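Notes to accompany the following structure.
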Ligand SMILES: [Zn+2]
């Protein structure tokens, strides 16, 4: 009997402990379910697992759910730079894919920039540009240059000094500085070494002496004058298409000059210098490396009906139709201040149909297109 009683006495506390444990485990399970349910709520509307955990920890879940999916809030809650005081700003500023975006926003808020100012700043540079810009004193009239979509943060000082020196308006300032035209032509330039149909070669963008276009081919005699001419296949094929379309309507086109190597351009410059002098060459002839003819994408076009192309019916046909085949009139009368060249009615450049059509439709230079879309 005694033994039995002892056994019973031992069992009761164990049962109690098990019951308690069961209750605690049950509670933990319920809490865990609730926790994951809340995480799931946040994940469902677009927040990452990490951000969702931190949102729950911060006690801001209802606020976040109320706002819905927000990339910048997600980045804020993922970041170790998260500052609760700036939460409302995070919700309103436009997100950009930048590594230190939250740290930079915190700095910019401290400098006194508004949320919309900060959105503007973030959209005009990459992570590095914004980090540098955030370090400088507050810029008072941000909209002065940054209302222009393609203005760049990193050029702020150059914009300031260019507009002060020249008195140019903001749009011209941004365009010219972006294109490097605040520097000295032919002296301070970018080196271009990659071939593409939308490459920019001008007095500020130079090809090296050994640059050769992709797919350099000889142009069949039917399409050219009496001299051997070459061009990049993509441009030559487009010219043939254009040539045939023009011929069908009774217009005769001819290529008078296609690809010119660095060496060819050197010879050309020397020749013109000999006959006409330095100032003529400066105005009308590109120095070696700075000529579009070295890209194989530019053709000087003539007409079979007149020796002066600008007076020919073919010239008018080209003005109206060349864009449909991917060509643009590269040096127009209106674009002189930007291209740096006098009007050249005969010089056409292949840029592809989409770009050519846009340029034709908007009546802009290739430089303007390049600054807005390709830099
Ligand atoms: Zn030319």
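Numbering (our numbering), first residue to last: 4 to 378. Note that beta-carbon positions come from the ideal geometry of N, C-alpha and C, so glycine has one too. Values in this document were obtained by computation on a predicted structure and should not be read as measured data.
Helix, strand or coil: which one does DSSP assign to residue i?
i, result
"residue 139", "coil"
"residue 73", "coil"
"residue 126", "helix"
"residue 267", "helix"
"residue 204", "coil"
"residue 33", "helix"
"residue 259", "strand"
"residue 214", "coil"
"residue 160", "helix"
"residue 98", "coil"
"residue 118", "helix"
"residue 44", "helix"
Label residue i either buried or exposed according to how many other C-beta atoms from any shown protein chain fall within 10 Å of its C-beta, with 16 as the threshold for buried.
i, result
"residue 38", "exposed"
"residue 378", "exposed"
"residue 16", "exposed"
"residue 19", "exposed"
"residue 194", "exposed"
"residue 282", "exposed"
"residue 40", "exposed"
"residue 91", "exposed"
"residue 371", "buried"
Can you tell me where the beta strand (DSSP E) holding residue i begins and where it ends?
i, result
"residue 350", "347-353"
"residue 314", "Counting along the chain, residue 314 falls outside any beta strand (DSSP E), and DSSP gives it neither H nor E."
"residue 330", "330-334"
Let's see if you can read the secondary structure: which residues bound the alpha helix (DSSP H) around residue i?
i, result
"residue 92", "90-95"
"residue 288", "Where residue 288 is concerned, there is no enclosing alpha helix (DSSP H), given that its DSSP letter is neither H nor E."
"residue 239", "236-251"
"residue 179", "173-181"
"residue 339", "339-342"
"residue 107", "104-114"
"residue 356", "356-365"
"residue 373", "Counting along the chain, residue 373 falls outside any alpha helix (DSSP H), and DSSP gives it neither H nor E."
"residue 146", "146-149"
In chain order, what residues of the same chain have a beta carbon less than 7 Å from the beta carbon of residue i, not counting five sequence neighbours either side?
i, result
"residue 231", "221"
"residue 156", "124, 127, 128, 132, 133, 136"
"residue 354", "200, 201, 329, 331, 369"
"residue 151", "173, 174, 177"
"residue 206", "188, 189, 293, 343"
With DSSP as the reference, please indicate the residues paired to residue i in a beta bridge.
i, result
"residue 49", "Paired residues: none, contrary to the question."
"residue 302", "351"
"residue 221", "233"
"residue 194", "209"
"residue 227", "258"
Tell me which same chain residues have a C-beta within less than 6 Å of the C-beta of residue i, skipping the five on either side of it?
i, result
"residue 306", "312, 315, 317"
"residue 268", "291, 294"
"residue 186", "none"
"residue 227", "258"
"residue 280", "none"
Report all residues from its chain with a CB closer than 8 Å to the CB of residue i; omit the five preceding and five following residues, and keep chain order.
i, result
"residue 94", "70, 73, 75, 76"
"residue 271", "263, 288"
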